[in-house]
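J.: Quick one: structure below, then a few questions.
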Amino acid sequence: MKLKSNLLLVLGTLAFVSLSCSSGSSTGQVPISGGSSSIETAERIISLSPTATEILFALEAGNQVVAVDDQSNFPGTAPMTSMSGYTPNIESIAEYQPDLVVASYDPGDLVAGLKVLEVATLLQPAASSMEDTYAQINELGVLTGRQSEASELIESIKSDLNEIASKKVGEGLTYYHEIDNTFYSPTSKTFLGKLYSLLGLSNIADPAIEGGFGWPQLSAEFIIDADPDLIFLGDANWGESAETVAARPGWGSMTAVEKRQVIPVDTDTSGRWGPRVVDFLKSVRSAIEKISG
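In structure tokens form, the structure reads like this:
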């Protein structure tokens, strides 16, 4: 499947942009490139980032969005196109006459190409913490003239996360989060790992961290030896399930498999860093509570 084949490219991108870029402040100074550096309110926005798309619509700025990339599948009212956020085409973008393009990274010629067209570009790399998410919400609030909505959204997310994390339902439990069957997995240093930590869960991938990259590739032997209490399947949309996991050599005797604690999670909400992190964490908490009785 095309989405699955792009996984390693995405992982590399997340690692690169997280190390090489940083979010702007919430003071109204937004680091845009090209176009007018004094842009006040963007009226024709193209989003090449599913997370940015979700934020823009959560800010009620959907009427200012003229097009989104082919992975921006939420909300359903977003004007999805065939444009790629991974390999953006300047000519396709120009057809929409945008005054602002939001992307998660620049593959090499996006910012430069749009600068020639005098189109402003905002790069919002993969968040490494909720503070990064809040900063990105603020940036988009500034550029859409919706700073009040941005402040309200941030406070709502903070309140929801505090409520969800108030009871450490995962305390004393270990977990393995599977991205795909090549066994790349996030550690507690990643955005996703930090969300799991809010519930008190311990990550079996942490001892395998290599340098500054928070997504080590584990081996089947490593996972079996670690014997996690819970397995979260981020690849359930690609056909992985409790049954396929149990059928893997050596996996059938693992605690998570024997106790039927292999849990599918939504690929989108577990892979994005916008407002729906609340939905993701709620689903994980509910799954653990159901298991715990």
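Take 7 as the starting number for the sequence shown in our numbering and just add one per residue.
Don't be surprised by glycine CBs; every beta carbon is placed ideally from N, CA and C.
Since this is a predicted model, take the numbers as computed values, not measurements.
In this structure, does DSSP put Phe-286 in helix, strand or coil?
T.: helix
J.: Could you pull the DSSP bridge partners for Phe-197 from this structure?
T.: According to DSSP, Phe-197 bridges with nothing at all.
J.: Would you say the stretch 162-175 touches the stretch 93-110, given that touching needs at least three Cβ pairs under 8 Å?
T.: no
J.: Since Ile-51 and Leu-65 are thought to touch, with beta carbons under 8 Å apart, how far apart are those beta carbons, to the nearest angstrom?
T.: Not really, about 11 Å apart at Cβ, beyond 8 Å.
J.: Let me check one thing: in DSSP terms, what residues is Ile-269 bridge-paired to?
T.: Paired residue(s): Phe-238.
J.: Output the distance between the C-alpha atoms of Glu-101 and Ala-118, rounded to the nearest integer angstrom.
T.: 17 Å
J.: Can you check the stretch 129-198 for any beta strand (DSSP E) of at least 3 residues that lies completely inside it and give the ranges in chain order?
T.: 180-184
J.: Let me check understanding here. Comparing Cα to Cα, which of Thr-150, Phe-219 and Tyr-181 lies closest to Leu-207?
T.: Tyr-181
J.: Sort Val-283, Val-175, Asn-187 and Ser-53 by Cα distance to Ala-293 and report the nearest one.
T.: Val-175
J.: Glu-49 by DSSP, collapsed to three states: which one?
T.: coil
J.: Determine the closest residue to Ala-232 out of Ala-133, Leu-128 and Trp-257, with distance taken between C-alpha atoms.
T.: Trp-257
J.: Taking the alpha carbon of Ser-247 as the reference point, which residue from Ile-297, Ile-269 and Phe-228 has its own alpha carbon closest?
T.: Ile-269
J.: Just mark Arg-278 as buried or exposed, buried being the case when its beta carbon has 16 or more other beta carbons within 10 Å.
T.: buried
J.: Looking at the secondary structure, which residues open and close the alpha helix (DSSP H) in which Val-74 lies?
T.: No alpha helix (DSSP H) holds Val-74; the beta strand (DSSP E) holding it covers 71-74.
J.: To which residues of the same chain is Thr-261 closer than 8 Å at the C-beta, ignoring the five residues directly before and after it?
T.: Asp-233, Pro-234, Asp-235 and Gln-267
J.: Just verifying my parser: in three-state terms, what is the DSSP assignment at Asn-302?
T.: In this structure the chain extends from 7 to 299, so residue 302 is not present and cannot be described.
J.: Would you give the residue range spanned by the beta strand (DSSP E) that Val-108 belongs to?
T.: 106-109
J.: What residue range does the alpha helix (DSSP H) around Phe-63 cover?
T.: Residues 56-64.
J.: Using 8 Å as the threshold, is the stretch 197-211 in touch with the stretch 127-142, meaning 3 or more CB pairs across them?
T.: The answer is yes - the stretch 127-142 touches the stretch 197-211, with three or more Cβ pairs under 8 Å.
J.: Take every Cβ of the stretch 123-131, pair it with every Cβ of the stretch 65-80, and state whether three or more of those distances are shorter than 8 Å.
T.: no
J.: In angstroms, rounded to a whole number, what distance separates the CA positions of Gly-114 and Glu-97?
T.: A direct Cα-Cα distance of roughly 15 Å separates Gly-114 from Glu-97.
J.: Measure the Cβ-Cβ separation of Asp-105 and Val-122 and say whether it is below 8 Å.
T.: In this structure, Val-122 does not lie closer than 8 Å to Asp-105 by Cβ.
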